[in-house]
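**Q**
Protein chains: 2
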Amino acid sequence: MSKPLKIAIAGLGTVGVGVIKILESHREMIAARAGRPVEIIAVSASNRSRARGIDISAYDWVDNVLDFTTRDDVDIIVELIGGSDGIAHALARQALDRGKSFVTANKALIAHHGNELAECAGKQQLALRFEAAVAGGIPIIKSLGEGLAANRLNKVYGILNGTTNYMLTQMEATGRDYGEILEETKLLGYLEADPSLDLDGIDAAHKLTILSTVAFGVKANFDDVYTEGIRRIKLVDIEYAKELGYRIKLLGIASLAKAGLEQRVHPCLVPNSAPIAHVDDGFNAIVVDGDFIDRTFYEGRGAGEGPTASAVVADIIDIARGHHGPAFFVPARAMQEVALISMSDRVGPYYIRLHVEEQPGVIADITAALRDQDVSLHVMLQKGSEQDGSVYVVMVTHDTREQKLMNAMNQINALSSVIDKALAIRIENL
Amino acid sequence: MSKPLKIAIAGLGTVGVGVIKILESHREMIAARAGRPVEIIAVSASNRSRARGIDISAYDWVDNVLDFTTRDDVDIIVELIGGSDGIAHALARQALDRGKSFVTANKALIAHHGNELAECAGKQQLALRFEAAVAGGIPIIKSLGEGLAANRLNKVYGILNGTTNYMLTQMEATGRDYGEILEETKLLGYLEADPSLDLDGIDAAHKLTILSTVAFGVKANFDDVYTEGIRRIKLVDIEYAKELGYRIKLLGIASLAKAGLEQRVHPCLVPNSAPIAHVDDGFNAIVVDGDFIDRTFYEGRGAGEGPTASAVVADIIDIARGHHGPAFFVPARAMQEVALISMSDRVGPYYIRLHVEEQPGVIADITAALRDQDVSLHVMLQKGSEQDGSVYVVMVTHDTREQKLMNAMNQINALSSVIDKALAIRIENL
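In structure tokens:
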């Protein structure tokens with residue numbers, strides 16, 4: 001077991017630099033834990049000379065990452081480039097086709113092509129590992145696939161995107177509205193190059209797809225995830241939620257029942273009593289329900305150089321230890337196709353925020369629209385008027401089927417007194 | 431990989447029954463995940479005919495568990511008997527000597543004999559696994575040894591005993607004192623057969639020893655853990671702590687720094703802002719600090735049939751998957767001996783509760799004792815008198831070296847006006 005494990009790293013951004021720092025600073029400790037030395041053989045990035053704060057002169061430099069796949073002195077290719085297609089996908093395919101194990105932090109790649117890549121890896125008993133793709137510092141993939149493997153898991157949910165969680169936390173903490181916090185977050189460099197990945201819930205949906213696949217052993221498809229981001233959340237929503245005993249969190253929720261698989265990413269009102277309501281700033285948290293463990297809860301930093309690189313290196317150590325099992329913990333042929341539950345079938349309570357002109361009959365029109373769809377109200381709040389004479393009206397419904405709620409919302413939005421499109425936020429009494 | 435993995439189960443109490451339920455009810459799912467069927471071959475317990483709610487007639491019954499070790503049709507022996515020595519220890523030794531892998535939920539066994547057993551297992555490349563020994567439903571051993579393996583871990587702490595956590599939670603929730611809650615907890619059957627294991631922190635110390643060993647790769651010794659239980663906590667302490675912004679939790683805390691290894695189990699005041707302050711009832715929680723992940727937090731059910739059996743079966747699945755690495759995740763020869771930090775060197779703030787006769791000069795005597803040891807006060811609370819004319823005085827100190835605090839406490843306890851021995855509780859601003 002003393003033969004070194006040789007790795008090539010594609011991509012030297014934050015995470016790539018973190019991986020090098022860990023492997024070099026913990027060289028001996030990792031060799032003891034892995035049972036063999038782990039050596040970096042070659043690296044590649046788009047810009048060779050960029051200042052990175054580390055010395056990469058000891059490694060072979062390769063201009064074209066695909067050249068890693070033909071080298072006999074490389075056992076594992078570590079992909080830290082990103083993107084669901086293009087070079088990352090090509091590298092994954094070629095690496096596995098040519099007998100290299102593949103470790104990645106790329107959630108988009110695994111969410112879109114995980115099944116295909118798992119099959120390639122499985123055929124040749126190669127490792128395909130992606131712990132870093134979900135919730136950086138939390139070893140959630142390993143926990144789902146190994147630690148909780150005795151359970152039939154029925155629900156996995158959590159805060160999967162640190163950037164939007166930071167933004168929501170900041171809105172509440174500073175009393176500033178979405179637009180201001182968005183600008184600040186941009187300046188801090190916390191947003192993805194394409195901010196839509198964060199703000200529209202796409203990044204969280206990538207991660208949720210991976211969690212569903214691992215937790216349930218099903219062929220989860222990214223395109224089947226209902227996805228809604230945080231762009232429409234206003235400070236007023238956070239304040240009303242607080243008054244009602246809730247906090248607003250962007251959650252990814254996946255569950256599997258007899259009726260099928262449900263996968264959704266959207267803002268939620270979660271009760272103050274739920275531990276997940278208190279996961280703030282850039283932290284991620286995941287709750288897992290299983291038939292024998294009941295409930296377990298995991299919290300840690302979701303991103304950043306250290307936590308993400310830690311997950312990449314854990315995968316490398318696992319491979320060094322000889323763990324070459326299937327990527328999704330059951331053979332690709334055993335992954336099940338399951339029916340999907342439509343978002344319009346969701347049943348639960350809703351928070352509704354309306355911004356309307358204060359004129360006679362407005363409330364009567366709104367409540368009539370709700371009545372027509374059998375939506376009954378639990379709470380209604382209206383507190384005086386804004387300076388321009390408009391009013392905010394906030395309502396909490398009893399359990400309602402989503403389709404009926406949306407019908408009522410459409411009817412309400414057609415009223416001439418409605419200023420902004422009404423916002424409905426699902427309440428999850430976790 | 432389709433050859434069945436054959437197991438023998440020693441001990442059919444709550445956990446043993448849970449293991450059988452999981453393996454039988456999830457037979458196909460586990461075979462898919464493990465890559466091979468897992469079959470129960472033989473079982474043993476002290477009483478064959480006891481009603482267990484499951485049918486064990488399909489398994490060979492063995493009167494003497496040591497007979498498992500000579501059977502060619504057994505791959506893994508699962509020990510669920512308990513106790514650090516006696517039959518559990520003998521079974522472990524013989525199993526490993528005769529080439530059987532060994533899975534146990536026995537924290538006392540691993541805390542006392544883990545190093546010796548790890549060496550036996552390592553020599554023959556056999557698996558020795560004990561996920562169920564610490565924090566039942568939380569896969570913390572796997573997380574420490576594999577998921578976080580890229581990190582030098584520097585601190586691990588948590589709520590490791592569900593029974594005492596339940597008792598402290600109940601005292602606060604019901605406003606009843608220790609004695610009453612203890613009686614209730616006994617009636618509920620939550621206490622170990624020897625209640626001292628729970629109440630005096632011994633069970634938590636067993637678990638902490640195992641956590642230290644795995645987290646730091648050191649030869650941790652149970653006898654080196656400073657251990658103090660909850661017997662002296664009164665309702666008045668819980669109430670004063672609440673008023674000061676804290677909750678009282680029995681924590682196990684292990685840290686490794688240049689100066690050496692610190693391991694202690696004792697009640698703590700933890701600030702309300704710490705997530706661990708809100709882990710209630712029978713739940714366990716563990717916080718892990720590492721150099722690259724920063725901080726991660728894990729919460730789940732600490733005991734009970736389902737969670738503990740889930741951990742046992744996860745270990746079995748791991749072995750079926752071919753994971754036979756060292757028990758403590760580094761070879762036994764690489765486990766380090768480290769210096770120990772004495773409890774008397776602890777530096778931090780303390781909560782002190784005094785019950786004294788109300789007479790002139792009492793406070794002067796007490797504060798003089800503290801001054802003589804350079805203990806300075808941050809808060810002092812005294813609120814009227816009890817019916818018998820005695821008073822409770824509560825103080826919070828600034829950072830103090832424990833030795834000095836204890837010197838002052840001894841001086842205070844020698845005062846004639848002191849009714850009960852003064853109680854000091856360490857404040858951990860986590």
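Chain order of the listed sequences is A and B. Here the first sequence stands for residues 1 to 430, numbered as in the numbering used here. Here the second sequence stands for residues 431 to 860, numbered as in the numbering used here. Backbone N, C-alpha and C fix where the C-beta goes; we use that ideal spot for every residue, glycine too.
#1: Less than 9 angstroms between the beta carbons of GLU614(B) and THR296(A), yes or no?
#2: If we ignore side chains and look at the alpha-carbon of each, how far apart do ILE678(B) and GLY631(B) end up?
#3: Is the separation between the beta-carbon of THR534(B) and that of ARG501(B) shorter than 9 angstroms?
#4: DSSP three-state call for LEU256(A): helix, strand or coil?
#5: With respect to the beta strand (DSSP E) encompassing ILE335(A), which residues constitute its N-terminal and C-terminal limits?
#6: Contact check, ASN151(A) vs ILE293(A) under 8 angstroms by CB: the rounded distance?
#7: From GLU131(A) to THR308(A), what does the alpha carbon distance come to, in whole angstroms?
#8: When we look at the beta-carbon of ASN161(A) and count the other beta-carbons within 10 Å, is it buried (16 or more) or exposed?
#9: Counting beta carbon pairs with one atom in the region 324-337 of chain A and one in the region 210-227 of chain A, are three or more of them shorter than 8 angstroms?
#10: Are three or more beta carbon pairs between the region 831-842 of chain B and the region 796-808 of chain B nearer than 8 angstroms?
#11: Count the other CB atoms, across all protein chains shown, that sit within 10 Å of the CB of GLY361(A); report buried if there are 16 or more and exposed otherwise.
#12: Output yes if chain B places a C-beta closer than 9 angstroms to the C-beta of ASN151(A); else output no.
#13: Which of the three DSSP states, helix, strand or coil, is assigned to GLN812(B)?
#14: So ILE747(B) contacts chain A; which residues on that side make the cut at Cβ distance below 7 angstroms?
#15: Give the DSSP-derived three-state secondary structure of ARG321(A) in the structure shown.
#16: When you check each C-beta in the region 303-317 of chain A against every C-beta of chain B, which residues fall closer than 7 angstroms?
#17: Over the uninterrupted beta strand (DSSP E) stretch that includes GLU509(B), give me the two end residues.
#18: Pick helix, strand or coil for SER442(A), following the three-state DSSP scheme.
#19: Can you tell me where the alpha helix (DSSP H) holding TYR822(B) begins and where it ends?
#20: Can you give me the C-alpha to C-alpha distance between GLU752(B) and HIS323(A), rounded to a whole angstrom?
#21: Looking only at its own chain, which residues have a Cβ that is under 7 angstroms from the Cβ of HIS206(A), when we skip the five neighbours before and after it?
#22: Spell out whether any CB of chain A is found under 9 angstroms from the CB atom of ILE849(B).
#23: Measure the CB-CB distance between ASP668(B) and GLU622(B) and report whether it falls below 9 angstroms.
#24: Measure from the C-beta of THR599(B) to each C-beta in chain A and report whether the shortest distance is under 9 angstroms.
#25: Could you tell me whether the Cβ atoms of GLU735(B) and VAL504(B) are closer together than 9 angstroms?
#26: Between the region 773-788 of chain B and the region 817-836 of chain B, do at least 3 Cβ pairs fall closer than 8 angstroms?
#27: Quick one, which residues of the region 716-733 of chain B are near chain A if we go by CB-CB under 8 angstroms, in chain order?
#28: Out of LEU612(B), ALA522(B) and LYS664(B), which has the shortest C-alpha to C-alpha gap to THR593(B)?
#29: DSSP state of ARG725(B), grouped into three classes?
#30: Looking at the C-beta of VAL330(A), does it have a partner C-beta in chain B at a distance below 9 angstroms?
#31: Is there at least one Cβ from chain A nearer than 9 angstroms to HIS456(B)'s Cβ?
#32: Just tell me which of SER143(A), ALA274(A), ILE30(A) and LEU256(A) has its CA closest to the CA of SER212(A).
#33: Quick one: give me the first and last residue of the beta strand (DSSP E) that ILE857(B) is part of.
#34: Which first and last residues belong to the beta strand (DSSP E) in which HIS785(B) is found?
#35: Are the CB atoms of ARG478(B) and THR499(B) nearer to each other than 9 angstroms?
#36: Are there 16 or more other CB atoms within 10 angstroms of the CB of ALA92(A), so buried, or fewer, so exposed?
**A** For this structure:
#1: Pairing GLU614(B) with THR296(A) gives a Cβ-Cβ distance that is not under 9 angstroms.
#2: Roughly 14 angstroms separates the two Cα atoms.
#3: Taking 9 angstroms as the Cβ cut-off, THR534(B) and ARG501(B) do not qualify as a contacting pair.
#4: Under the three-state reduction of DSSP output, LEU256(A) falls in the strand class.
#5: The sequence shown places Met at residue 335(A), not Ile. Premise fails: MET335(A) is in no beta strand (DSSP E) and is neither H nor E.
#6: With a Cβ gap of about 6 angstroms, ASN151(A) and ILE293(A) count as contacting.
#7: Taking the CA atoms as reference points, GLU131(A) sits about 9 angstroms from THR308(A).
#8: In summary, ASN161(A) is buried, with 16 or more beta-carbon neighbours lying within 10 Å of its beta-carbon over all protein chains present.
#9: Yes, since at least three Cβ pairs between the region 210-227 of chain A and the region 324-337 of chain A fall closer than 8 angstroms, the two stretches touch.
#10: Yes, they touch.
#11: By the 10 Å Cβ count, GLY361(A) comes out exposed.
#12: At least one chain B Cβ lies under 9 angstroms of ASN151(A).
#13: Here GLN812(B) sits in strand by DSSP.
#14: Ordered by position in chain A, the residues that pass the 7 angstroms Cβ test against ILE747(B) are ALA149 and ALA150.
#15: Assignment of ARG321(A) by DSSP, reduced to helix, strand and coil, places it in the coil class.
#16: Against chain B - using a Cβ distance shorter than 7 angstroms - the residues of the region 303-317 of chain A are GLY306, PRO307, ALA309, SER310, VAL313, ALA314 and ILE317.
#17: That run of the beta strand (DSSP E) goes 506-509.
#18: Given a span of 1 to 430 for chain A in the structure shown, any question on residue 442(A) remains unanswerable.
#19: Element bounds for TYR822(B): not the alpha helix (DSSP H) but the beta strand (DSSP E), 820-827.
#20: This sequence places Gly at residue 752(B); Glu is not what is there. Rounded to whole angstroms, GLY752(B) and HIS323(A) show a C-alpha spacing of 8 angstroms.
#21: Residues LYS107, ALA108, ALA111 and PHE222 of the same chain have their beta carbon placed closer than 7 angstroms to that of HIS206(A), with the five preceding and five following residues left out of the count.
#22: So no, ILE849(B) is outside the interface.
#23: For the record, residue 668(B) in the displayed sequence is Ile; it is not Asp. Judged by their CB atoms, ILE668(B) and GLU622(B) are not nearer to each other than the 9 angstroms cut-off.
#24: No, no contact with chain A.
#25: With contacts defined by Cβ atoms closer than 9 angstroms, GLU735(B) and VAL504(B) do not form a contacting pair.
#26: Judged by Cβ distances under 8 angstroms, the region 773-788 of chain B makes contact with the region 817-836 of chain B, as three or more pairs qualify.
#27: Going along the region 716-733 of chain B in chain order, one finds GLY720, ASP721, PHE722, ILE723, ASP724, ARG725, THR726, PHE727, TYR728, GLU729, GLY730 and ARG731 with a Cβ nearer than 8 angstroms to chain A.
#28: Comparing Cα positions, the closest option is LEU612(B).
#29: The answer is strand: DSSP assigns ARG725(B) an E or B state.
#30: It does: the Cβ of VAL330(A) has a partner Cβ on chain B nearer than 9 angstroms.
#31: With 9 angstroms as the cut-off, HIS456(B) counts as an interface residue toward chain A.
#32: By alpha-carbon distance to SER212(A), the top candidate from SER143(A), ALA274(A), ILE30(A) and LEU256(A) is LEU256(A).
#33: Start and end: 848-857.
#34: Per DSSP, HIS785(B) belongs to the beta strand (DSSP E) from 780-787.
#35: The Cβ-Cβ distance between ARG478(B) and THR499(B) does not fall below 9 angstroms.
#36: Under this definition ALA92(A) is a buried residue.
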